[in-house]
Amino acid sequence: MKNIIKLNLDKINFHPLTNKFDRAFLYLLFISLALRVIWLDKPLGSLIFDEKYYVNVVRIILKLPHDPDVYQNAPLGFDPNKEHPFLAKGIIALSTALLGDNAWGWRLPSVIFGALTIFIFYLLIKEISKKDFLALFSTFLLSFDNLIFVHSRIATLDIFMLFFMLFGFYLYFKNKIVLSALALSLSTLCKLGGLYGFLTIIIFHFIKEYKNKKLNWYNFASWLEKFTISYIVFGIALLTLMDRIWVGYSNPFEHMAYIYNYTKSLTRLVPEGIESYPWQWLLNQVEIPYLKVDVNVYSNETIIKTFTSIYFVGAMNPAIIYLCIPAIVYSAYSFYEKSEEITLFSVILFAATYLPFYPMSLILHRIMYIFYFLNTIPSVCIAISYLFLDQKPPWIIILIYSMAVVAGFAFLFPFKAIP
């Protein structure tokens, strides 16, 4: 058994007993997991942001009592939320069936997949860069970003999509092309944003081969054929299976047509309320109040003070997002100078997961929200970490910046008082 464990750890290049960075990562993972679990069921009886929809979707799937104002007259036993594929909702439904219709049942899957996202991100950066400190610092930033944190403890679809996307990237760099395509299809079957992960790999592979002067059009076409067919076959096969059992479609193409038409209808000339333009995300503008609980303090039946006890907000850690553009530009310039795969990956991931929102906004007037930036945050964390590592500032500078990241996280931490 000991030899099997050692062999598996060798395969993923993870040695916490002998590698100080791997050991430090385990402490980071433990802290991250504890922060995601603490007060998971608070505030009692409240649904946070889009949990209003997804928790009631799960209840309908499991034939449990649900809010009649959400998906009115939906047939019990089937997913009424047809605008998104079923997979992430199915995972939440399985947890709810096992743990009960309560906050732990709905939210624990997000906590687990949030922790897995942190773990696979660390392994991914180690695999690409071969630099342990870069992997550790990038993962520290990802762990303490507020948007990643919040979606790692509420019952929404995004963290499932992100985990499978990063897992697909990891498998690609392990040269497991078919399994990479499978993971990316699972990402897309959680939420359509998984498509950007598929796009990332294709662009990255092409530029890497071209830059290394290894581009052979026949070989690239063969690789692209294998990767694309695997992605499509896995995606359609699994979509068909889930649609027939839990969604009510006998034909997956009908479901895809519905998703396309629904998405196409989400337009508005000028954003309203919590809607935003993609360029606003870079400045943390149009934050979304996911849930706010204010407490009144009374004296002799008179309110003498009001304070916020809980405030979940959809926004990035300011210490991270405000370095986004300079860090990405630095990575692009560094790739031009040094041709390192890690800088190319961070730039391509940023471009593929973020830039498509510009034509969608400017030309199609697509309705958007700040949490659409979730898939892009890993690229920003990589770029910032690379900037620090490449510039080699005094350790005190890195320490001060790390403290700023923790302070930004603490400022946005949803629990302002002990529940």
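Per the working numbering, residue 1 is the first one in the sequence shown, and the count goes up by one each step. Glycine included, every Cβ here is placed at the ideal spot set by N, Cα and C.
Give the single residue among LEU389, ILE304 and TYR298 whose Cα lies nearest to the Cα of TYR330.
Measuring C-alpha to C-alpha distances from TYR330 to each of LEU389, ILE304 and TYR298 identifies LEU389 as the nearest.
VAL423 - partner residues in DSSP beta bridges:
Past the boundaries of the shown model lies residue 423; the chain is included only from 1 to 419, so the question cannot be answered.
At 4 residues or longer, and completely inside the region 125-167: list those alpha helix (DSSP H) runs for me, N to C.
Listed in chain order, they are 132-143 and 146-151.
Going by DSSP in three states, ILE304 sits in which element: helix, strand or coil?
Three-state result, ILE304: strand.
Pick helix, strand or coil for THR18, following the three-state DSSP scheme.
The three-state secondary structure of THR18, taken from DSSP, is coil.
Below 8 Å, can you find three or more Cβ-Cβ pairs linking the region 110-117 to the region 349-361?
The region 110-117 vs the region 349-361: no contact.
Ranges of the alpha helix (DSSP H) found wholly within the region 54-78, counting only runs of at least 4
Those alpha helix (DSSP H) runs which fall completely within the region 54-78 and span 4+ residues do not exist here.
Evaluate GLU254 with the Cβ neighbour count: other Cβ atoms within 10 Å of its Cβ, from every protein chain shown; 16 or more gives buried, anything less gives exposed.
Label assigned to GLU254: exposed.
Whole angstroms is fine: what's the gap from LEU35's alpha carbon to PRO80's?
Roughly 32 Å separates the two Cα atoms.
For the alpha helix (DSSP H) holding ASP243, just list the boundary residues, first then last.
Counting along the chain, ASP243 falls outside any alpha helix (DSSP H), and DSSP gives it neither H nor E.
Measure the C-alpha to C-alpha separation of ARG366 and ARG153 and round it to an integer number of angstroms.
Cα to Cα, ARG366 sits roughly 27 Å from ARG153.
Three-state secondary structure assigned by DSSP to GLY45
GLY45 sits in coil when the DSSP states are folded into three classes, being neither helix nor strand.
Reduced DSSP category for ASP294 - H, G, I as helix; E, B as strand; rest coil
Correct three-state label for ASP294: strand.
What residue range does the alpha helix (DSSP H) around TYR210 cover?
Following the DSSP letters along the chain, one finds TYR210 inside the alpha helix (DSSP H) bounded by residues 195-211.
Note down, in chain order, each residue of its chain lying with its Cβ closer than 6 Å to the Cβ of ALA327, except the 5 sequence neighbours on either side.
When the five nearest sequence neighbours on each side are left out, the beta carbons in the same chain lying within less than 6 Å of the beta carbon of ALA327 are those of ALA383, ILE384 and LEU387, in order along the chain.
DSSP state of TYR311 mapped onto helix, strand, coil:
Of the three classes helix, strand and coil, the one that applies to TYR311 here is strand, per DSSP.
Using the beta-carbon count (16 or more within 10 Å), is GLU337 buried or exposed?
Exposed, since its Cβ has fewer than 16 Cβ neighbours within 10 Å.
Which class does SER299 belong to by DSSP, given the choice of helix, strand or coil?
Correct three-state label for SER299: strand.
Hey, could you find the ends of the alpha helix (DSSP H) ASN261 is sitting in?
That run of the alpha helix (DSSP H) goes 252-265.
So which of ILE207, ALA332, PRO68 and ILE48 has the shortest CA-CA distance to VAL380?
Taking only the C-alpha atoms, the option nearest VAL380 is ALA332.
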